[in-house]
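Numbering (this note's numbering), first residue to last: 147 to 583.
Here is the structure we will look at.
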Amino acid sequence: MTSATNFEDTTLAMGEGMRIAAISVHGCPYARLGEKDTGGMNVYVLHLARELGKRGIAVDVYTRVHDLRDPVIFELGPNARVIHLRAGAYGEPKENLYRHLPEFVANLCGYWREIGVSFDVLHTHYWLSGWVGLLLRGHHPIPWVANFHTLGAIKRLVRPGERESERRIQTEQRVLLRADTSIALNPHERAEMVRLHGADPQRVRVIPAGVDTDLFQPVDRAEARRRLGLGQDAPLVLYVGRLEKLKGIDILLQVAALLGDTPGLRLLVVGGNPSGDRERARLEAEARKLGIAHMVRFEGPVKQEALPVYYSAADVCIVPSYYESFGLVAVESQACGTPVVAARAGGLAYTVRDGVTGYLIPDRRAELYADRIRTLLTDAPLRARMGDAARKAVAPLTWGAMAERFGDVYRDVTASVPPSDGSPAGAVACRTVNTIR
147 MTSATNFEDT TLAMGEGMRI AAISVHGCPY ARLGEKDTGG MNVYVLHLAR ELGKRGIAVD
207 VYTRVHDLRD PVIFELGPNA RVIHLRAGAY GEPKENLYRH LPEFVANLCG YWREIGVSFD
267 VLHTHYWLSG WVGLLLRGHH PIPWVANFHT LGAIKRLVRP GERESERRIQ TEQRVLLRAD
327 TSIALNPHER AEMVRLHGAD PQRVRVIPAG VDTDLFQPVD RAEARRRLGL GQDAPLVLYV
387 GRLEKLKGID ILLQVAALLG DTPGLRLLVV GGNPSGDRER ARLEAEARKL GIAHMVRFEG
447 PVKQEALPVY YSAADVCIVP SYYESFGLVA VESQACGTPV VAARAGGLAY TVRDGVTGYL
507 IPDRRAELYA DRIRTLLTDA PLRARMGDAA RKAVAPLTWG AMAERFGDVY RDVTASVPPS
567 DGSPAGAVAC RTVNTIR
């Protein structure tokens, strides 16, 4: 047996439909959100798997063991579970995982051989998992759907100096040319897949991410602020996300400083590691240097279940990212009735309606962010109108609706790529890959 895990309790109800092998090497849906290398993709994989499972499509999500406390198998819901496989040290950062992919594949194949699994579709998430898909697809015509979530070539374009390896960009191009269907989260991303990588536009589908509309609903503003220990009348600006440069974190404190003449203003920053976070320490030092430390409160990572309280307590949510394929934070905020001031970047241009559900900022000038935020802070009726419009605008973006669209994609690829000899696709692929170490 190639895996360091044991394979007890591996029975999964099959439902009435097909079975999907979802590969998400670094994006575990069981991981704690808001910390380094965790975020919207983890939420995406979690909710998509759960909603597919409810529809009788069985989903196994294969990811690496990243915490000693992880169970080998974790049930996400009916017909959906996570399976943790060894691939490098527990605390290995994302940028080092490529060298451990052969170990991941060997343990994946060991698992499939151990339980004699078969599946109908391979669905990969992010370029690391795409490399796994290339290897498996190289030995057998497994029906393959590829999600990228972000593309290295686009990140390089939108933020000069962004460090993205040639290996990543070349792998993404190979995946786009080999996968049966690739998923873009917005029309701009689809166009860039075609322009930058020569993808066949007929094999790229646009399916936005979803939002948990059962969870993300307005909470009474007064109650939300009471629970967070905040004053009822103080103007409140919220940031939610990882503390990294691609998220535009550099502009936050500049905006807060420009709004410093607003009586009682508070900037609430949600995200980052609870301890040992260099970026948080840098931001705290910068806030002290700017003389605005008293205005800024760093919350650290927050559980998904608590986020609606933060969104509902805020007057406005700021999303200043250099690029977002979808902009999950913007959608969550709007679902809670809080308008958004966001960069006109990638998917944000499709999830925020400028002048209707918030404002889109066309460049990196902090003055423009501050001006739009000040408008919302000082005009309560406008804020209320935008909040109502925001809830209505994102209401159709449920994970259930997205799961229905993926069900159509899976049926299309299985019709176009039948197994060559009638054997289970995963088993055939792994018989030919069993020499990997």
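All residues carry an ideal CB built from backbone N, CA and C; glycine is no exception.
Should residue i and residue j be called a contact, given that it needs their Cβ atoms to be closer than 8 Å?
i: Val-291; j: Val-563; result: no
i: Ile-169; j: Thr-270; result: yes
i: Val-263; j: Leu-231; result: no
i: Ser-275; j: Val-171; result: yes
i: Pro-224; j: Gly-199; result: yes
i: Arg-372; j: Val-415; result: no
i: Gly-492; j: Glu-335; result: yes
i: Arg-388; j: Gly-417; result: yes
i: Ala-195; j: Pro-175; result: yes
i: Phe-250; j: Tyr-272; result: no
i: Gly-553; j: Arg-227; result: no
i: Leu-608; j: Tyr-456; result: The displayed coordinates of the chain run from 147 to 583. Any statement about residue 608 would go beyond what the structure contains.
Closest to residue i by C-alpha separation, out of the options, would be which residue?
i: Ala-561; options: Arg-499, Val-365 and Asp-266; result: Asp-266
i: Arg-412; options: Val-228, Leu-374 and Ala-431; result: Leu-374
i: Thr-408; options: Asp-379, Arg-490 and Glu-425; result: Asp-379
i: Ala-530; options: Ala-541, Tyr-556 and Val-502; result: Val-502
i: Thr-209; options: Arg-201, Ile-203 and Phe-220; result: Phe-220
i: Ala-299; options: Gln-319, Tyr-176 and Val-207; result: Gln-319
i: Leu-445; options: Leu-436, Ala-431, Asn-419 and Arg-434; result: Reading the sequence as shown, one finds Glu at residue 445 and not Leu. Closest option to Glu-445, Cα to Cα, is Asn-419.
i: Thr-497; options: Gln-480, Glu-513 and Pro-508; result: Gln-480
i: Met-441; options: Lys-449, Glu-430 and Ile-397; result: Glu-430
i: Glu-369; options: Ser-458, Thr-359 and Arg-313; result: Ser-458
What number of angstroms, rounded off, separates the C-alpha of residue i from the C-alpha of residue j?
i: Ala-536; j: Thr-524; result: 19 Å
i: Glu-390; j: Val-475; result: 15 Å
i: Ala-233; j: Glu-550; result: 32 Å
i: Gly-504; j: Arg-511; result: 17 Å
i: Ile-166; j: Leu-522; result: 45 Å
i: Glu-192; j: Pro-454; result: Before going on, a small fix: residue 192 reads as Leu here, not Glu. Straight-line Cα distance between these residues: approximately 18 Å.
i: Val-340; j: Arg-428; result: 39 Å
i: Val-350; j: Met-548; result: 16 Å
i: Arg-324; j: Leu-247; result: 19 Å
i: Asn-188; j: Ile-203; result: 19 Å
i: Pro-289; j: Asp-326; result: 7 Å
i: Ala-401; j: Leu-243; result: The question names Ala, but residue 401 in the sequence shown is Val. Their Cα atoms are separated by approximately 36 Å.
i: Leu-382; j: Glu-432; result: 20 Å
i: Leu-222; j: Glu-451; result: 16 Å
i: Trp-545; j: Val-205; result: 15 Å
i: Lys-182; j: Arg-309; result: Below a pLDDT of 50, predicted positions are generally treated as unreliable, and Lys-182, at 47, falls in that range; the measurement from the model is reported next regardless. Roughly 16 Å between the two C-alpha positions.
i: Glu-260; j: Leu-254; result: 10 Å
Less than 7 Å separating the Cβ of residue i from some heavy atom of the ligand NAP?
i: Pro-527; result: With respect to the ligand NAP, the structure offers nothing, as it holds no ligand at all.
The segment 461-479 contacting the segment 304-318, beta-carbon criterion three pairs below 8 Å: yes
Sufficient close CB pairs (3 or more, under 8 Å) joining the segment 341-353 to the segment 455-465: no
Validate contact between the segment 482-489 and the segment 359-379 using beta carbons, cut 8 Å, 3 pairs: Under the three-pair Cβ rule at 8 Å, the segment 482-489 counts as touching the segment 359-379.
Contained beta strand (DSSP E) runs [length at least 3] in the segment 257-344, N- to C-terminal order: 267-271, 290-293 and 327-330
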